[in-house]
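One structure is given below, encoded as structure tokens.
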Amino acid sequence: MDKRKMHGVWASRWTFILAATGSAVGLGNIWKFPYIAGENGGGAFVLIYLLCIALIGIPVMMAEVLIGRRGRMSPINAMRYVTSEAGLHGGWTAIGWMGVVAGLMIMAFYSVVAGWAVNYIFALASGEFSSAVGTVSTGYFDALLANNGKQAMWHSIFSFMTFAVVAAGVTRGLGMVARVLMPFLFVVLILLLGYGVVEGDFAAAFRFLFEFHFEKLTWNGVLVALGHAFFTLSLGMGAIMAYGAYMPDHSSIGRTIITVGLLDTVVALVAGLAIFPIVFATPGIEPGSGPGLMFVSLPVAFGSMPLGLIFGTLFFMLVTVAAWSSAVSLIEPGVAWLVETGKFNRIKATFLLAFVAWCGGLASIWNGAIFNALDFLTAQIMLPLGGLFIAVFVGWLMKRDVVAKEMDGEEHPLFEIWRFVLRYISPVLVALVMGLSLYSKLFG
Numbered sequence: 288m289d290k291r292k293m294h295g296v297w298a299s300r301w302t303f304i305l306a307a308t309g310s311a312v313g314l315g316n317i318w319k320f321p322y323i324a325g326e327n328g329g330g331a332f333v334l335i336y337l338l339c340i341a342l343i344g345i346p347v348m349m350a351e352v353l354i355g356r357r358g359r360m361s362p363i364n365a366m367r368y369v370t371s372e373a374g375l376h377g378g379w380t381a382i383g384w385m386g387v388v389a390g391l392m393i394m395a396f397y398s399v400v401a402g403w404a405v406n407y408i409f410a411l412a413s414g415e416f417s418s419a420v421g422t423v424s425t426g427y428f429d430a431l432l433a434n435n436g437k438q439a440m441w442h443s444i445f446s447f448m449t450f451a452v453v454a455a456g457v458t459r460g461l462g463m464v465a466r467v468l469m470p471f472l473f474v475v476l477i478l479l480l481g482y483g484v485v486e487g488d489f490a491a492a493f494r495f496l497f498e499f500h501f502e503k504l505t506w507n508g509v510l511v512a513l514g515h516a517f518f519t520l521s522l523g524m525g526a527i528m529a530y531g532a533y534m535p536d537h538s539s540i541g542r543t544i545i546t547v548g549l550l551d552t553v554v555a556l557v558a559g560l561a562i563f564p565i566v567f568a569t570p571g572i573e574p575g576s577g578p579g580l581m582f583v584s585l586p587v588a589f590g591s592m593p594l595g596l597i598f599g600t601l602f603f604m605l606v607t608v609a610a611w612s613s614a615v616s617l618i619e620p621g622v623a624w625l626v627e628t629g630k631f632n633r634i635k636a637t638f639l640l641a642f643v644a645w646c647g648g649l650a651s652i653w654n655g656a657i658f659n660a661l662d663f664l665t666a667q668i669m670l671p672l673g674g675l676f677i678a679v680f681v682g683w684l685m686k687r688d689v690v691a692k693e694m695d696g697e698e699h700p701l702f703e704i705w706r707f708v709l710r711y712i713s714p715v716l717v718a719l720v721m722g723l724s725l726y727s728k729l730f731g
């Protein structure tokens, strides 16, 4: 009990909203969501995705924040507190441990990709891609991937950036992400959207993202929507639970998390409307997915357009800030736990975990199999399991009056709807996503 609230509390409800949005908005919002939406039916996919956010993302996120605020400690000790309060076996604390470990594992390879984005800020700014063609861009990216020393340097720079924020604490560090970096992200996104409207083919991009093509929406597309709705909100990795521990008592969990979910979705949609006008306005470039779009196609597109190198530099600053705001939430849960042991101060705890993740990143750079294994274990197994157990724990095992008190939900019909969805719908859908994704990866 003496450890509760020892880390501090967010200055306001909006600080929490921006911090949680920063955790949720990452690389997937910038390149993955727009692409999978366009390829899977445009507006039809967006509609299914919003339904999935409502049935999985937001209900589970509310449950995770509820545990964090109830426990007021790191995910490990928060789970220990609520488990004891519910009179349950201590094994449920494993939810907190799994989240902390998953966050460190994700940070290991995530910081490598974020390092590529930092590198591209300087590459675009220096004119590297001025009037470049596809072969030049492909060659540059391939050379980066082949140069382990260069990757290690940019990975180290990004790891230090993350260390600096988390070591500064909840108010000065994580709060800075909310107060400074997130507004910067929104401003750059609007600037890029304006540039796409003026210089790109905005009409083609709008059709790609929003025209309803139900014939393109397959069952696999629905599965993709389910999976992305779960993963985009940083669920199951302890980050949102840790941020919930710093949430003010008087803030409404329901209204706050709905706002976070809406902001995360808006960022993904606006990112698509900013990126794809540039892609469609550049001959010979297809809206390919993943690193191919972000690190090969877009530099060529920016390099061939008026003021393109300036806005290309801004784009990779946007990508870096999105990755940075997510990365700080990946190691915060573990740092909070180490501080609570009484054996570490925040700076030493942050250094230790950042160093562990940094070493994992170096291993990922030198061995691609490690990179893929970390990605597979976290995305396909640990995060879905964490989300599933959180839904079951809050929906079925926590006392109803405790849950209702945290949610301000006594006699409120919306509380009963949320609890029904959390108990009967969210766990089934998360299990479905996990099972079908694993089957597809292993036998597809």
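In the working numbering, the protein residues as written are 288 to 731.
Think of the CB as a built atom: it goes at the ideal place given N, C-alpha and C, for glycine as much as any other residue.
Helix, strand or coil at residue i [DSSP, three-state]
i	result
residue 325	helix
residue 499	strand
residue 525	coil
residue 295	coil
residue 568	coil
residue 535	coil
residue 312	coil
residue 670	helix
residue 288	With a pLDDT of 48 at residue 288, under the threshold of 50, the modelled position of this residue cannot be trusted; read the value that follows with caution. In the structure shown, residue 288 sits in coil (DSSP, three-state: anything other than H, G, I, E or B).
residue 713	helix
residue 632	coil
residue 337	helix
residue 627	helix
residue 488	coil
residue 695	coil
residue 515	helix
residue 637	helix
residue 592	coil
residue 612	helix
residue 361	coil
residue 686	coil
residue 654	coil
residue 373	coil
Contacting residues, own chain, Cβ-Cβ under 7 angstroms from residue i (five flanking each side not counted)
i	result
residue 511	323, 327
residue 603	404, 407, 408, 411
residue 529	355, 361, 362, 619, 620, 623
residue 591	418, 569
residue 608	468, 471, 472
residue 718	675
residue 345	544, 545, 548
residue 643	391
residue 480	557, 560, 561
Contact belief for residue i with residue j at Cβ below 8 angstroms, rounded distance in angstroms
i	j	result
residue 442	residue 652	7 angstroms
residue 596	residue 471	In fact, because the Cβ distance is near 20 angstroms, the residues do not count as touching under 8 angstroms.
residue 389	residue 665	5 angstroms
residue 313	residue 610	6 angstroms
residue 518	residue 661	Actually they are not in contact, since the Cβ atoms of residue 518 and residue 661 sit about 15 angstroms apart, beyond 8 angstroms.
residue 340	residue 505	Not really, about 20 angstroms apart at Cβ, beyond 8 angstroms.
residue 720	residue 513	5 angstroms
residue 667	residue 616	Wrong, their Cβ atoms sit about 20 angstroms apart, outside the cutoff.
Sequence-distant residues of its chain with Cβ nearer than 6 angstroms to residue i (five each side left out)
i	result
residue 358	365, 368, 369
residue 580	318
residue 288	Low per-residue confidence applies at residue 288: pLDDT is 48, beneath 50, and the placement is therefore not dependable, though the value from the model is reported in the following sentence. Closer than 6 angstroms at Cβ, skipping near neighbours: no residue.
Beta-carbon proximity list for residue i, same chain, < 8 angstroms, skipping 5 on both sides
i	result
residue 497	329, 330, 333
Using a Cβ distance threshold of 8 angstroms, determine whether the stretch 644-656 contacts the stretch 302-321, with at least three qualifying pairs required.
no
If we require 4 or more residues per run, which alpha helix (DSSP H) segments fall completely within the stretch 405-454?
421-433, 435-454
Taking 8 angstroms as the threshold, find out whether the stretch 419-433 comes into contact with the stretch 703-716 through three or more Cβ pairs.
With the rule of 3 Cβ pairs closer than 8 angstroms, the stretch 419-433 does not count as touching the stretch 703-716.
Using a Cβ distance threshold of 8 angstroms, determine whether the stretch 635-642 contacts the stretch 304-314, with at least three qualifying pairs required.
no
With a threshold of 8 angstroms, are at least 3 pairs of Cβ atoms found where one atom belongs to the stretch 714-729 and the other to the stretch 672-692?
yes
State whether the stretch 373-389 contacts the stretch 542-561, with contact taken as three or more CB pairs (one from each stretch) at a distance under 8 angstroms.
no
Is the stretch 325-339 touching the stretch 483-490 in the sense that three or more CB pairs, one from each, lie closer than 8 angstroms?
By the Cβ test, the stretch 483-490 is not in contact with the stretch 325-339, since fewer than three Cβ pairs between them sit closer than 8 angstroms.
Does the stretch 535-543 come close enough to the stretch 685-698 that 3 or more CB-CB pairs lie under 8 angstroms?
By the Cβ test, the stretch 685-698 is in contact with the stretch 535-543, since at least three Cβ pairs between them sit closer than 8 angstroms.
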